[in-house]
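Asker: First, the structure itself, so that you have it in front of you.
There are 2 protein chains.
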Amino acid sequence: MTAGNGPAAASGAGDTLAAVVRQWKAVHPDLDTGPMEVIGRINRCAALLQQAEDAPLRHAGLTRPEFDLLGALRRTGLELTPGDLIRETFSSGAAVTKRLKQLTERGLVERRGDTRDRRVAHVRLTDAGRDLVDGILPEQLAYETGVLSGVDDDGQRELAALLGELLVQLEGRLRTPRG
Amino acid sequence: MTAGNGPAAASGAGDTLAAVVRQWKAVHPDLDTGPMEVIGRINRCAALLQQAEDAPLRHAGLTRPEFDLLGALRRTGLELTPGDLIRETFSSGAAVTKRLKQLTERGLVERRGDTRDRRVAHVRLTDAGRDLVDGILPEQLAYETGVLSGVDDDGQRELAALLGELLVQLEGRLRTPRG
DNA sequence: AGCAGGTGTTTTACTCGTGAAAGATATTGC
DNA sequence: GCAATATCTTTCACGAGTAAAACACCTGCT
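In the order they appear, the protein sequences are chains A and B. The numbers in full-length UniProt numbering rise by one with no breaks, and the one at position 155 of the first sequence is 155. The numbers in full-length UniProt numbering rise by one with no breaks, and the one at position 171 of the second sequence is 171.
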């Protein structure tokens with residue numbers, strides 16, 4: 001969030017961000033807290049979702065970034081190079097290297113060198129890796145459906161649309177993913 | 001995101017999540033990707049915002065969690081115990097201890113022991129700490145206003161409201177913040 | 001051919017956060 | 001009063017991510 005978050009306590013109605021915003025308004029009444037209400041909530045949602053979603057994955061012995069990597073391989077259906085995976089998962093090169101090492105040792109992915117360009121490697125899912133992803137994904141989506149059940153279908157569509165708008169802006173603004 | 005994200009490439013229209021969802025649908029046509037469209041976008045927005053927002057803070061030599069801690073002290077206007085800060089910033093005890101050590105060394109916060117209960121400490125902002133927060137916060141909010149400028153005011157209100165709804169659900173569902 | 005510079009990947013050194021255990025003090029029940 | 005237990009905070013050992021440098025290899029120029 002923009003400016004620290006946290007619940008002063010379970011303060012009656014509203015989410016924790018509402019309480020935080022109230023506190024800031026009391027200290028700096030002239031401040032425009034509008035952006036905080038959006039960005040703060042996005043960050044807090046993300047944090048809580050991560051804690052929650054880690055549960056189904058942890059059950060399979062995977063971290064989210066590991067699952068993202070496997071998922072990228074599964075959904076493209078192709079062999080990907082480490083460079084591709086860096087771009088697909090928005091991770092640093094070092095992180096991808098470490099994850100590939102781990103996942104290879106666990107027999108979930110395999111590597112082979114490129115015949116033409118011996119700098120590059122090609123990574124693909126093993127059968128075990130593919131089965132693992134295919135097994136986890138439905139559980140994950142079912143769990144998420146439950147998490148979102150408090151928001152009705154129209155609300156979910158609206159949310160997805162608005163976040164998509166914002167995302168286009170952010171993705172345009174923030175050239176220079178990583179290295 | 002629920003299941004790996006990433007841009008297959010700059011695939012025409014829509015954000016990167018749209019491309020990811022298309023890929024999944026091609027591989028698992030029967031999958032209900034609805035939750036992914038919401039949760040994936042929340043996570044991706046959070047990731048991008050963090051990268052972006054770190055810039056103004058980094059300029060002041062602060063990480064976001066450090067700023068969150070200072071912000072909690074500033075907006076409550078009170079002395080807080082480490083325990084309070086754990087709850088306010090949703091961090092682990094170990095993390096708060098480390099941050100307090102750093103921030104104390106930098107002269108941004110001060111500690112004193114409790115007279116009654118010698119287990120607890122009380123932390124408050126120094127003048128320098130208060131000035132730093134008051135200096136950064138407007139910059140931060142101005143930056144965020146710019147980031148959100150692609151979404152009109154009604155959209156922002158709608159977004160804040162929907163995220164608030166979701167947040168209430170998540171906060172209710174996820175008892176057991178940390179330790 | 002040979003080298004200058006670019007690209008793909010890994011290694012290195014380091015920071016930060018975490019869970020579990022320890023440490024220090026309060027509180028409760030006998 | 002004193003052991004048993006609970007609470008607040010810090011320490012420890014470790015895993016994971018990062019930036020920057022190193023490495024390995026290709027490409028284009030001369």
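Don't be surprised by glycine CBs; every beta carbon is placed ideally from N, CA and C. Note that this is a predicted model, so its numbers are computed, not measured.
How would you list, in chain order, the residues of chain A whose beta-carbon sits under 8 Å from the beta-carbon of P82/B?
Answerer: Your numbering for residue 82/B matches position 82 in the second sequence. Near P82/B there are no residues of chain A at all, since even the closest Cβ is about 13 Å away, more than 8 Å.
Asker: Whole angstroms are fine: how far does the CA of R116/A sit from the CA of A55/A?
Answerer: The count along the first sequence starts at 1 and reaches residue 55/A at position 55. The count along the first sequence starts at 1 and reaches residue 116/A at position 116. Cα to Cα, A55/A sits roughly 42 Å from R116/A.
Asker: Just the Cα atoms here: how many angstroms apart are A3/A and V151/A?
Answerer: As a working mapping, residue 3/A is identified with position 3 in the first sequence. As a working mapping, residue 151/A is identified with position 151 in the first sequence. Interpretation of A3/A is limited by its pLDDT of 38, a score under 50 that renders its predicted location unreliable; no figure is taken from the coordinates.
Asker: Using a beta-carbon distance cut-off of less than 7 Å, what residues from the region 150–167 of chain B approach chain A?
Answerer: So the list reads G150, V151, G155, Q156, E158, L159, A160, L162, L163, G164, E165, L166, L167, given in the order they occur along the chain.
Asker: In this structure, how does DSSP classify E53/A when only helix, strand and coil are distinguished?
Answerer: Translated into the one-based positions of the first sequence, residue 53/A becomes position 53. Here E53/A sits in helix by DSSP.
Asker: Which of helix, strand or coil does DSSP assign to L125/B?
Answerer: Residue mapping note: residue 125/B aligns to position 125 of the second sequence, counting from 1. In this structure, L125/B counts as strand in the three-state DSSP scheme.
Asker: Are the C-beta atoms of A46/B and some chain A residue less than 7 Å apart?
Answerer: The residue you call residue 46/B lines up with position 46 of the second sequence. Judged by the 7 Å Cβ criterion, A46/B is in contact with chain A.
Asker: Is there a Cβ from chain A that is less than 7 Å from the Cβ of V27/B?
Answerer: The residue you call residue 27/B lines up with position 27 of the second sequence. With 7 Å as the cut-off, V27/B counts as an interface residue toward chain A.
Asker: Around the Cβ of V120/B, are there at least 16 other Cβ atoms within 10 angstroms (buried) or fewer (exposed)?
Answerer: By one-based count along the second sequence, residue 120/B stands at place 120. Per the 10 Å Cβ criterion, exposed.
Asker: Taking 6 Å as the limit between beta carbons, can you name the residues of its chain near A60/A, skipping five residues before and five after?
Answerer: Position 60 of the first sequence, counted from the first residue, corresponds to residue 60/A. Correct list, in chain order: I136.
Asker: Quick test of the definition: if touching needs 3 or more C-beta pairs under 8 Å, does the region 60–75 of chain B touch the region 27–40 of chain B?
Answerer: Not touching, per the Cβ criterion.
Asker: Within this structure, are the beta carbons of L85/A and V96/A separated by less than 7 Å?
Answerer: In the first sequence, the residue the question calls residue 85/A occupies position 85. In the first sequence, the residue the question calls residue 96/A occupies position 96. Contact flag set, yes.
Asker: Whole angstroms are fine: how far does the CA of D127/B sit from the CA of L103/B?
Answerer: Taking the first residue of the second sequence as 1, we reach residue 103/B at position 103. Taking the first residue of the second sequence as 1, we reach residue 127/B at position 127. Straight-line Cα distance between these residues: approximately 13 Å.
Asker: Taking the alpha carbon of V147/B as the reference point, which residue from E144/A, G34/A, T16/A has its own alpha carbon closest?
Answerer: Counted from its first residue, the second sequence places residue 147/B at position 147. Among E144/A, G34/A, T16/A, the Cα nearest to that of V147/B is on G34/A.
Asker: Less than 7 Å between C-beta atoms, sequence neighbours within five positions excluded: which residues of the same chain meet that for G155/B?
Answerer: The sequence position of residue 155/B within the second sequence is 155, counting from 1. Answer for G155/B: no residue qualifies.
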